[in-house]
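Okay, structure first, notes after.
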Amino acid sequence: MTKTEQHIPEDRLNINKLLEPIQGENPCGDSLRYDGTYDKIEDARRQDDPNESRGEWISELKKADWD
């Protein structure tokens, strides 16, 4: 185990509680698929392939923003 790994003691972890269905009308939350948030996340994850031929279109490569 590394210094960054942490384990929860079994007596504090209630597996049965974690496996219970989430109550409410919309237990999965609102779909962000057609919301601007989804598009922002998709764009942040996109990055250009530095090995791909760009021809005359020389520009700075886009790097994924994982923060």
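At position 46 of the sequence shown (counting the first as 1) the number is 45 in numbering that gives the first Met the number 0, and the numbers step up by one without a gap. We treat Cβ as the ideally placed atom computed from N, Cα and C, and that holds for glycine.
{"Query": "Between which two residues does the alpha helix (DSSP H) harbouring residue 18 extend?", "Result": "14-18"}
{"Query": "Could you give the residue range of the alpha helix (DSSP H) that holds residue 38?", "Result": "35-44"}
{"Query": "Determine whether the beta carbon atoms of residue 60 and residue 47 lie at a separation below 8 Å.", "Result": "yes"}
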